Amino acid sequence: MFEAIAFYLFAFLTIAMFYITVTTSQALYALSALAAGMIFISAFFFILGADFLGAIQIIVYTGAVMALYAFGMMFFDTTRAVKEKQGNKFIIVGMSAIAAVLIVAIFAAPMLSTNITAFYPSVADIGNTQEVGMVLFTKYLIPFELAAVMLLVAMVAGIVLAGKQMDNSLTLEDDTNKKVLS
Amino acid sequence: MMEIGLNHYLILSTILFAIGLVGVMRRKNLLLLFFATEILLNSVNIAFAAISHYYGDLTGQMFAFFVIAIAASEVAVGLGLLIVWYKRHGNINLDNLASMKG
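So, in structure tokens, the structure goes:
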């Protein structure tokens, strides 16, 4: 009962927020609506019993990603709106076709896989966070480390791309780069 | 109707994915294109968490974690590239990105 009420409430709120994000012309409204939608999505994770995933969703998306976007928007002139050119009918038709195929595939997939058995079944008497830790650090240890390396690479790339005077190539030998290097 | 099953979450995920797809295809502002990409990744995360719950398997949550990690690094690299593009050209319009006129 309460699960149904919560599901429909948060589904409506999430769809409304993301609809605002893709249709508004103000970048600041889009950012705020996206942040709100991310928080509402974490509610689904809490309903589904994935507590750790919900906490990670709030921390990573509304804490890190939204702050990064807010810092990025300081660089851009967001008051000058980008002109949204409309009128390509092929794109509308193509999007409708892709969405229809997607719905058919999503309904067909659980029917085709009725005999699924769990690889790592949930244990009843321990919490979700402990379960996630046990699976993540045994079966998924190598993807976890690879994700860590990927995040390190992304951090270095972000610093190099957005930092001052770092868009000059350090391997090219001309005067400006020598000044930077010395 | 009152019993929330797996199909409810999958329908919700489809709707959010379609919204994100519309955003990717019709926006011309590159920053809002990144927002639409976040919507796509989040809708897939809902489907992963729902399947993980209804089949009693933790693999879906693991994949959701890796999707979140990929989304975070995508934002860092993409926003850095966007800042470099804005410094050179003064706008973030998608149509001006087609400089090779292919």
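In order, the protein sequence lines correspond to chains A and B. Oh and the first sequence: position 17 is 17 in this note's numbering, straight run, nothing missing. Oh and the second sequence: position 11 is 1011 in this note's numbering, straight run, nothing missing. Where is the CB? At the ideal position from N, CA and C, for every residue including glycine. Only a predicted model underlies this, so the values are computations on that prediction, with no experimental measurement involved.
- Task: Check each residue of the segment 151-165 of chain A: if its Cβ is closer than 7 Å to any Cβ of chain B, include it; give the result in chain order.
- Result: L151, A154, M155, A157, G158, L161 and A162
- Task: Output yes if chain E places a C-beta closer than 8 Å to the C-beta of I39(A); else output no.
- Result: Absent here is chain E; the protein component of the structure consists of chains A and B.
- Query: Taking Cβ positions, are M73(A) and A35(A) nearer each other than 8 Å?
  - Reply: As a working mapping, residue 73(A) is identified with position 73 in the first sequence. As a working mapping, residue 35(A) is identified with position 35 in the first sequence. Not closer than 8 Å, so no.
- Message: Distance check for F52(A) and Y1055(B), CA to CA, integer angstroms please.
- Response: Numbered from its first residue, the second sequence carries residue 1055(B) at position 55. Numbered from its first residue, the first sequence carries residue 52(A) at position 52. Counting only the Cα atoms, F52(A) lies some 18 Å from Y1055(B).
- Query: Closest Cβ-Cβ distance between T21(A) and chain B: below 8 Å?
  - Reply: Counting from one through the first sequence, the residue named residue 21(A) turns up at place 21. Residue-level contact check: T21(A) touches chain B, since one or more beta carbons of chain B fall below 8 Å from its beta carbon.
- Query: What does DSSP give as the partner residues of N1029(B) in its beta bridges?
  - Reply: The residue you call residue 1029(B) lines up with position 29 of the second sequence. Partner(s): N1093(B).
- Can you tell me whether S1043(B) is buried or exposed, with buried defined as 16 or more other CB within 10 angstroms of its CB? Residue 1043(B) sits at position 43 when you count from the first residue of the second sequence. The residue is buried, with at least 16 neighbouring Cβ atoms inside 10 Å.
- Message: Quick check: what's the CA-CA separation for Y69(A) versus L1079(B)?
- Response: In the first sequence, counting from the first residue as 1, residue 69(A) sits at position 69. In the second sequence, counting from the first residue as 1, residue 1079(B) sits at position 79. Approximately 8 Å between the Cα atoms of the pair.
- Query: Any chance the CB of L1082(B) is under 7 Å from a heavy atom of the ligand SAM?
  - Reply: Annotation note on the ligand SAM: not contained in the displayed structure, which lists no ligands.
- E145(A) at chain B interface by Cβ criterion, 8 Å: Taking the first sequence and counting its residues from 1, the one referred to as residue 145(A) is at position 145. No, no contact with chain B.
- Task: On a CA-only basis, which of D1095(B), L1010(B), N1093(B) and L1094(B) is nearest V104(A)? Give me that one, please.
- Result: Taking the first sequence and counting its residues from 1, the one referred to as residue 104(A) is at position 104. Measuring from the Cα of V104(A), the nearest candidate turns out to be L1010(B).
- When the Cα atoms are used, what is the spatial distance from A1050(B) to M134(A)? Here residue 1050(B) corresponds to residue number 50 of the second sequence, with the count starting at 1. Here residue 134(A) corresponds to residue number 134 of the first sequence, with the count starting at 1. Each residue's alpha carbon lies about 20 Å from the other.
- How is K1087(B) classed by DSSP in three states: helix, strand or coil? As a working mapping, residue 1087(B) is identified with position 87 in the second sequence. Looking at K1087(B) - three-state DSSP - the assignment turns out to be helix.
- Item | Where the alpha helix (DSSP H) containing T23(A) begins and where it ends | On the first sequence, residue 23(A) is found 23 positions in, with the first residue counted as 1. Taken as a continuous stretch (DSSP letters only), the alpha helix (DSSP H) holding T23(A) covers F2 to T23.
- Item | Any chain A beta carbon closer than 8 Å to A1072(B) | Working through the second sequence from its first residue, we reach residue 1072(B) at position 72. Taking Cβ atoms only, chain A reaches closer than 8 Å to A1072(B), which makes this a yes.
- Count the other CB atoms, across all protein chains shown, that sit within 10 Å of the CB of S182(A); report buried if there are 16 or more and exposed otherwise. Position 182 of the first sequence holds residue 182(A). Because the pLDDT of S182(A) is 44, which lies under 50, any placement of that residue in the model is unreliable, and the question is left without a value.
- Task: Please compile the residues from chain B whose C-beta is within a distance smaller than 7 Å of the C-beta of Y49(A).
- Result: For the purposes of this step, residue 49(A) is taken as residue 49 along the first sequence, with counting starting at 1. Before going on, a small fix: residue 49(A) reads as Gly here, not Tyr. Residues of chain B passing the Cβ test: H1053.
- Message: Using the three-state DSSP reduction, which class does Q57(A) fall into: helix, strand or coil?
- Response: What you label residue 57(A) is simply residue 57 of the first sequence in a count that begins at 1. Helix at Q57(A).
- Item | N-terminal and C-terminal residue of the alpha helix (DSSP H) that F137(A) is part of | Looking up residue 137(A) in the first sequence gives position 137. Counting along the chain, F137(A) falls outside any alpha helix (DSSP H), and DSSP gives it neither H nor E.
- Query: When you compare each of E1074(B), A1072(B) and N1045(B) to M1062(B) by their alpha carbons, which one comes out closest?
  - Reply: Within the second sequence, residue 1062(B) is the residue found at index 62, counting from 1. Here the closest residue by C-alpha is N1045(B).
- is_contact[V1067(B), chain A] using C-beta, thresh 8 Å: For the purposes of this step, residue 1067(B) is identified with residue 67 of the second sequence, where counting begins at 1. Taking Cβ atoms only, chain A never reaches closer than 8 Å to V1067(B), which makes this a no.
- Query: Since A27(A) is in the alpha helix (DSSP H), which residue starts that stretch and which ends it?
  - Reply: Counting from one through the first sequence, the residue named residue 27(A) turns up at place 27. Taken as a continuous stretch (DSSP letters only), the alpha helix (DSSP H) holding A27(A) covers A27 to I47.
- Message: For chain B, check one thing: does any of its Cβ atoms lie closer than 8 Å to the Cβ of V135(A)?
- Response: Position 135 of the first sequence holds residue 135(A). Taking Cβ atoms only, chain B reaches closer than 8 Å to V135(A), which makes this a yes.
- Task: Spatial neighbours of L1012(B) within its chain, please: CB distance less than 7 Å, with the 5 preceding and 5 following residues excluded, ordered by chain position.
- Result: Numbered from 1 along the second sequence, position 12 holds the residue referred to as residue 1012(B). Excluding sequence neighbours, L1012(B) sits near I1046.
- Can you give the Cα-Cα distance for V1077(B) and L161(A), rounded to whole angstroms? Here residue 1077(B) is taken as the residue at index 77 of the second sequence, counted from 1. Here residue 161(A) is taken as the residue at index 161 of the first sequence, counted from 1. Straight-line Cα distance between these residues: approximately 8 Å.
- Looking at the C-beta of T1037(B), does it have a partner C-beta in chain A at a distance below 8 Å? Along the second sequence, one-based indexing puts residue 1037(B) at 37. Taking Cβ atoms only, chain A never reaches closer than 8 Å to T1037(B), which makes this a no.
- Reference S64(A), options L1094(B), E1074(B) and G1023(B), closest by Cα: The count along the first sequence starts at 1 and reaches residue 64(A) at position 64. According to the sequence displayed, residue 64(A) carries Ala and not Ser. Per the Cα distances, E1074(B).
- Query: Around the C-beta of D1095(B), are 16 or more other C-beta atoms found within 10 angstroms, so that it is buried, or is it exposed?
  - Reply: Locating residue 1095(B) in the second sequence gives position 95, counting from the first residue. So D1095(B) ends up on the exposed side.
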